[in-house]
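Residue numbers (my numbering), protein chains in the order written: chain G, 1 to 530; chain B, 1001 to 1530. Note that beta-carbon positions come from the ideal geometry of N, C-alpha and C, so glycine has one too. Predicted model, so just to flag it, every value in this text is computed and none were measured. Input: a single structure, listed below in structure tokens.
Number of protein chains: 2
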Amino acid sequence: MRLTGSNFIAGTASSESAQGFTSVNPQTRRSGDVQFHNATAAEIDRAARAASEAFQIMRGAAPEKLAALLDTAAAEIEALGDELLHTADMETALGIPRLTGERGRTTGQLRAFASLLREGSYVEAIIDTALPDRQPAPRQDIRRMLFPLGPVAVFSASNFPFAFSVAGGDTASAWAAGCPVIVKAHPGHPATSELVARALNRAVEAASVPPGFFSLVHGSTVEVGQTLVQHPLIEAVGFTGSLGGGRALYNTAAARPKPIPVYAEMGSTNPLVILPGAARVRGESIAEDLAASATLGTGQFCTKPGLVFLINDADTPSLIERLTGEMALRQSGVLLNEHIEQGVIRAVTATLERGSVSALTGGTIPSHSHYSYANTLLQTTGEAFIQDEALQQEHFGPVTMLVLCQSPDELTDAVRALHGTLTATIHAEESDLPQAEALFSLLREKAGRLIWNGYPTGVEVVYSMQHGGPYPATTAPGTTSVGMTAIKRFLRPVAFQNMPDALLPEALKNANPRGIWRIVNGAHTQAAVS
Amino acid sequence: MRLTGSNFIAGTASSESAQGFTSVNPQTRRSGDVQFHNATAAEIDRAARAASEAFQIMRGAAPEKLAALLDTAAAEIEALGDELLHTADMETALGIPRLTGERGRTTGQLRAFASLLREGSYVEAIIDTALPDRQPAPRQDIRRMLFPLGPVAVFSASNFPFAFSVAGGDTASAWAAGCPVIVKAHPGHPATSELVARALNRAVEAASVPPGFFSLVHGSTVEVGQTLVQHPLIEAVGFTGSLGGGRALYNTAAARPKPIPVYAEMGSTNPLVILPGAARVRGESIAEDLAASATLGTGQFCTKPGLVFLINDADTPSLIERLTGEMALRQSGVLLNEHIEQGVIRAVTATLERGSVSALTGGTIPSHSHYSYANTLLQTTGEAFIQDEALQQEHFGPVTMLVLCQSPDELTDAVRALHGTLTATIHAEESDLPQAEALFSLLREKAGRLIWNGYPTGVEVVYSMQHGGPYPATTAPGTTSVGMTAIKRFLRPVAFQNMPDALLPEALKNANPRGIWRIVNGAHTQAAVS
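Shown next as structure tokens:
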């Protein structure tokens, strides 16, 4: 397909600005041919107005219409075939196998939201029927359910060009909620973004949804994102990326005349604790698997294990030696772009400047024709970690840091000092159970997902998934960006008082025509209201 | 009971500051004898640390312990007897009958949250069991549920000295969630606040809950509230009050190094639309009931109908005449305090300065020994309302404004121009149905609760209640401050991956020992996981 480098405003290509950028092949550091056009304020305004108009039409639509849109979008993405995979690989160097898997996850989650809509109980219908004889005053009939918020701005991430990008989890869940989406494409994979945007445009058309239900804007500057978040017709923001970027958008949204929610998933250290029994029994395999997890996708996962806590005992030196060897031996991969390369260099340099940190392997910049960074294992002490918040900086790339504690108490204090994070993992054997239980209890306050004898990379897209966590992991710890409950971010409750059955939305009608689960006078039921 | 004017820091009276204030009797404008002490930064810090310690202990407690606390709190408030009612009446002039009802609502909602805890399904347990044979990789066992956020700051409102104050809905729902509470008492009823705080202290002690689970701080300055919201150990804020106050706290919380959610319920205009059929058939009774609703509690309800939309036709003059008469004839009540008196004077004066508004009755300051304002009916045109956002200012007091539209289309445009609000009401007869349905659809985007042929004052405390709405009605339109789902504001999800059953929280164990409703592999069920 010939790419145009355009923005897509409600289905229409638009390239008003001469300012723009090209995609860069991370394998060669060379720029592509296509010029992508930064969106202008006028283009963003048209996208927002079209989204608002589309919302007015679609908010009355049956859930099946949205479900069909999601299914069609999945099929249109699949119909892009190998061209999509090759384009994404050219822009990200993530490799065809990984990208094939990620495409499956992306289409799978679009279809999973379609199923959620068809099942229908996600609207959280709650009904309390009238009590006309209640004293001193009758009780009114009150019924509530969830409705969409309105147009949503979605900021793509660089590290998942499908699953956290144009048709990723934010778009899928916002669409499922009934919200039009304006995607700010990540400048790291603009060609991939254009292909997916064209697929979504076709899905919008095929599903007879108003074209403003989807727009794509490009931008290599912060202004494009800021303009989008400041637009008065935008009602919510989804974001995956760095702490700096997420916090800047959060601040902008909070300073609007009408503040709006920003669901930003940002940096994370993903602590992993290896307790003595596990180190003794499984030290070798943990070292291998941990090195694999820390370098997976060149360490460019939000859930990469970035901090490894150990108690320094007789079994520790061999585990560290093995881990150091594994990190050193594994081929260092390609980084996504120059920004990430410079970021990991800066972050590791800053950490090594703290006197308490040494590099067991890596910490150096290999001179490759591709963007890269050496697999790096840092080491510090529990004492230093407890005292120095700077050691909680994320190193986005193939870098992890050992925190060597002198005692179980010091380990506990180090865990207590942790900032918010997406995940926390414990490796433990039978002999470690009491300590493991106590640490998990502490970690529950720090993380969105707790993992037992496993690794944080690999996020199941299931109903029960929680991909979120206390700040700075996210700006909204009550929400998730992965899994079915991600839809809740884009919904809000409305109650109806004494409304005639004919005027009630289907989900609240006495007959319960959709057969959804509801809470009626306190009881969970699929039955009609009699 | 002899009052001390102290703050209560984790159960202990504390009066470190000489700065403070007295309560003022709104009937006489005279100050009381007791000096209430503004909390110092050191007192606030002690309260926050004690709350954090209490949280560490209580977050492992069984739901029954919290339920017992809530029940005991209700009983202790009742045990205060008439002294509580008389003290509150002295400080608010709301009258014994209203205060008796409000006390019942307050104890009722404490007990309703206890029931919610005992039933247990509010934790939203979702379980997806492992699929070890899934290709290309096994699916992990993932289970999630909701856990408390941590210490919560609650800001009392002046207009509900029980139900939105020390032991009001924010405290009840935060406690039910498992969060310690620090209440910033409203300076309008400090003696009432001290009585209730003592009752809560007794409940905390009787239920063997750590004393830091509740603190009360006084403050007649904005500094006290700002210091509290800035404290790093505070995890969320509940607020009921003015737009200015709520927004200031929201801004402070958003600017923290670690931002926290602010659930602020603020100003609201509560539009009420009278369609032509209703005006014709029930004009008189609507005029009577509307005047009663607009002046109930001297108009000092968040849900007071502040804007009344009419289409100007043959039946309109008699309805307006009747409404004007009803407003003029009703005895004007006592306002809560000088701040509210000055506020309503300022707001009505500013509105009348817009050329398009006239006063049909009131708009004048009666010279009474008590705080007061004349029952006031303002009138403007649909055209002016559409063009002038300033006409959406709330007039907190016995004031409502007619918006006279020249056509159904102008009415639609006026409704479309509305800002966010807690409630919206339509009065309609059979002949109005098509228009009513279209307007309700528009109003759904503006309000948290839609009312059919009723009045917005009077908020049922039921599971299905939604007391919230788009900004400026609240800072968090996805949440409610009244009803059982208010608890969700103070909870966040945590997922567990491959956790041994013995380490899982009760709500997620295979056996489902509490018999709660869960979603297991997509199905709603109370069954155990087999």
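What in chain B is Cβ-close to residue i, meaning under 8 angstroms?
i, result
"residue 462 of chain G", "1128, 1139 and 1142"
"residue 454 of chain G", "1140, 1497 and 1498"
On the three-state DSSP scale, how would you describe residue i?
i, result
"residue 1171 of chain B", "helix"
"residue 1379 of chain B", "strand"
"residue 1532 of chain B", "Beyond the ends of chain B as shown, which are 1001 and 1530, falls residue 1532 of chain B; an answer cannot be given."
"residue 263 of chain G", "strand"
"residue 1361 of chain B", "strand"
"residue 17 of chain G", "coil"
"residue 1412 of chain B", "helix"
"residue 1504 of chain B", "coil"
"residue 511 of chain G", "coil"
"residue 424 of chain G", "strand"
"residue 1335 of chain B", "coil"
"residue 1403 of chain B", "strand"
"residue 497 of chain G", "strand"
Residues of chain B with a CB under 7 angstroms from the CB of residue i: which are they?
i, result
"residue 522 of chain G", "1463"
"residue 466 of chain G", "1144, 1493, 1494 and 1495"
Going by the CB atoms, is the gap between residue j and residue i shorter than 8 angstroms?
i, j, result
"residue 1572 of chain B", "residue 1199 of chain B", "Within the shown structure, residues of chain B are numbered from 1001 to 1530, placing residue 1572 of chain B beyond reach of any answer."
"residue 1424 of chain B", "residue 1450 of chain B", "yes"
"residue 428 of chain G", "residue 306 of chain G", "no"
"residue 189 of chain G", "residue 17 of chain G", "no"
"residue 503 of chain G", "residue 1445 of chain B", "no"
"residue 262 of chain G", "residue 475 of chain G", "yes"
"residue 93 of chain G", "residue 399 of chain G", "no"
"residue 484 of chain G", "residue 116 of chain G", "yes"
"residue 1448 of chain B", "residue 1204 of chain B", "no"
"residue 461 of chain G", "residue 112 of chain G", "yes"
"residue 1038 of chain B", "residue 1219 of chain B", "yes"
"residue 1357 of chain B", "residue 1376 of chain B", "no"
"residue 8 of chain G", "residue 197 of chain G", "yes"
"residue 1178 of chain B", "residue 1109 of chain B", "no"
"residue 466 of chain G", "residue 1144 of chain B", "yes"
"residue 353 of chain G", "residue 322 of chain G", "no"
"residue 1087 of chain B", "residue 1163 of chain B", "no"
"residue 1266 of chain B", "residue 1243 of chain B", "yes"
Please compile the residues from chain G whose C-beta is within a distance smaller than 7 angstroms of the C-beta of residue i.
i, result
"residue 1444 of chain B", "147 and 494"
"residue 1258 of chain B", "471"
"residue 1477 of chain B", "492"
"residue 1437 of chain B", "503"
"residue 1096 of chain B", "Ordered by position in chain G, no residue passes the 7 angstroms Cβ test against residue 1096 of chain B, which lies about 14 angstroms from the chain."
"residue 1519 of chain B", "463"
Please list the partners that residue i has in chain G, where partner means a Cβ-to-Cβ separation under 9 angstroms.
i, result
"residue 1440 of chain B", "496, 499 and 503"
"residue 1480 of chain B", "144, 493 and 495"
"residue 1250 of chain B", "254 and 259"
Since residue i and residue j are thought to touch, with beta carbons under 8 angstroms apart, how far apart are those beta carbons, to the nearest angstrom?
i, j, result
"residue 1308 of chain B", "residue 1403 of chain B", "7 angstroms"
"residue 514 of chain G", "residue 506 of chain G", "6 angstroms"
"residue 148 of chain G", "residue 234 of chain G", "Not confirmed; about 13 angstroms, so no contact."
"residue 1310 of chain B", "residue 1274 of chain B", "5 angstroms"
"residue 1463 of chain B", "residue 1026 of chain B", "At roughly 35 angstroms, the Cβ-Cβ gap does not stay under 8 angstroms, so residue 1463 of chain B and residue 1026 of chain B are not in contact."
"residue 89 of chain G", "residue 99 of chain G", "6 angstroms"
"residue 498 of chain G", "residue 1270 of chain B", "With a Cβ gap of about 16 angstroms, residue 498 of chain G and residue 1270 of chain B do not count as contacting."
Below 8 angstroms on C-beta distance, what does residue i contact in chain G?
i, result
"residue 1121 of chain B", "524"
"residue 1450 of chain B", "494, 495, 496, 497 and 499"
"residue 1060 of chain B", "441"
Ranges of the beta strand (DSSP E) found wholly within the region 1442-1487 of chain B, counting only runs of at least 3: Entirely contained in the region 1442-1487 of chain B, the beta strand (DSSP E) runs reaching 3 residues are, in chain order, 1447-1452.
Residue ranges of each beta strand (DSSP E) within the region 1275-1317 of chain B, 3 or longer: Unbroken beta strand (DSSP E) stretches of 3 residues or longer found wholly inside the region 1275-1317 of chain B: 1307-1311, given in chain order.
Secondary structure, alpha helix (DSSP H): runs of 4+ residues fully inside the region 1143-1201 of chain B: As far as the region 1143-1201 of chain B is concerned, its whole alpha helix (DSSP H) runs of at least 4 residues are 1169-1177.
Minimum length 4: unbroken alpha helix (DSSP H) runs contained in the region 42-130 of chain G: The qualifying runs are 63-79, 81-92 and 96-119.
Minimum length 4: unbroken alpha helix (DSSP H) runs contained in the region 195-250 of chain G: The region 195-250 of chain G contains these whole alpha helix (DSSP H) runs: 222-230.
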